[in-house]
Amino acid sequence: MSDDPDARDWKVQSLRGQLVELGSAVRQLNQSGLDSATAQLLLSRKRAELEDLIKRGHADARTAQMVRPPRG
């Protein structure tokens, strides 16, 4: 993924939207008495992807703050 903060923000928002949709699908499957295991697994993976993306974003921000330009 690019280091572009806007691209990261877009990806975070996209993942959050997918999580909402998957959560809704799991609820609908459960209410219908159908198996929701596959949707639950995908939901777990998307949550982990979102957490990783957020953690990497925070780590990148900390690293950028720690790096100082060399003195001439």
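Numbering (the numbering used here), first residue to last: 3 to 74. From the three backbone atoms N, C-alpha and C, an ideal C-beta is built for every residue, glycine too. Predicted model, so just to flag it, every value in this text is computed and none were measured.
Start-to-end residues for the alpha helix (DSSP H) that takes in residue 34: By one-based count along the sequence shown, residue 34 stands at place 32. Unbroken run through residue 34: none, as it is neither H nor E.
Meets three-Cβ-pair contact criterion under 8 Å: the region 9–20 and the region 48–61: Touching, per the Cβ criterion.
Whether residue 16 touches residue 28 by CB criterion (9 Å): Residue numbering aside, residue 16 sits at position 14 when the sequence shown is read from its first letter. Residue numbering aside, residue 28 sits at position 26 when the sequence shown is read from its first letter. Going by C-beta atoms, residue 16 is not nearer than 9 Å to residue 28.
Expected contact under 8 Å - CB spacing of residue 52 and residue 41 to nearest Å: Numbered from its first residue, the sequence shown carries residue 52 at position 50. Numbered from its first residue, the sequence shown carries residue 41 at position 39. That belief does not hold up - the Cβ atoms of residue 52 and residue 41 are roughly 16 Å apart, past 8 Å.
Residue 106 - DSSP class collapsed to helix/strand/coil: Nothing can be reported for residue 106, as the shown portion of the chain is limited to 3 through 74.
Residue 44 beta carbon less than 9 Å from that of residue 24: Reading the sequence shown from its first residue, position 22 is the one you call residue 24. Reading the sequence shown from its first residue, position 42 is the one you call residue 44. Cβ distance < 9 Å, so residue 24 and residue 44 count as in contact.
Contacts around residue 33, its chain only, beta-carbon distance under 7 Å, and the 5 residues preceding and following it disregarded: By one-based count along the sequence shown, residue 33 stands at place 31. If the five residues before and after residue 33 are omitted, its C-beta is found closer than 7 Å to no C-beta atom of its own chain.
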